[in-house]
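Structure first, commentary second.
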Amino acid sequence: MKASYFIIFLLSIVSSFFTIGCKKCYDCEKQIYIENKEGEKVATDAYYEEEACSKKDKENYEDDGYTCTAQL
1 MKASYFIIFL
11 LSIVSSFFTI
21 GCKKCYDCEK
31 QIYIENKEGE
41 KVATDAYYEE
51 EACSKKDKEN
61 YEDDGYTCTA
71 QL
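Next up, the structure:
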């Protein structure tokens with residue numbers, strides 16, 4: 001009986017490790033623009049990519065023009 005309680009205790013500790021590290025992160029990207037000879041901004045196929053794992057970081061990136069989507 002004591003062994004089964006010990007096993008349940010160990011399993012609960014192990015399962016807590018999986019939930020402790022679980023954090024909602026976001027992939028944020030912003031298209032890169034260059035300036036041509038005429039001084040016009042032209043969109044490129046390249047993007048700046050960042051990862052935000054806090055609400056504050058996500059909001060800061062969005063304020064800087066990034067589009068953030070939740071990671072799966």
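Sequential numbering from 1 applies to the sequence shown in our numbering.
Backbone N, C-alpha and C fix where the C-beta goes; we use that ideal spot for every residue, glycine too.
Owing to the predicted nature of the structure, the values given are computational and were not obtained by experimental measurement.
For D57, no beta strand (DSSP E) segment is defined; the enclosing uninterrupted segment is the alpha helix (DSSP H) at 55-63. When rounded, the separation of the alpha-carbon atoms in D57 and Y26 is 9 Å. DSSP places C28 within a strand segment (E or B) once states are collapsed to three. Here Y61 is buried. Its C-beta has 16 or more other C-beta atoms within 10 Å.
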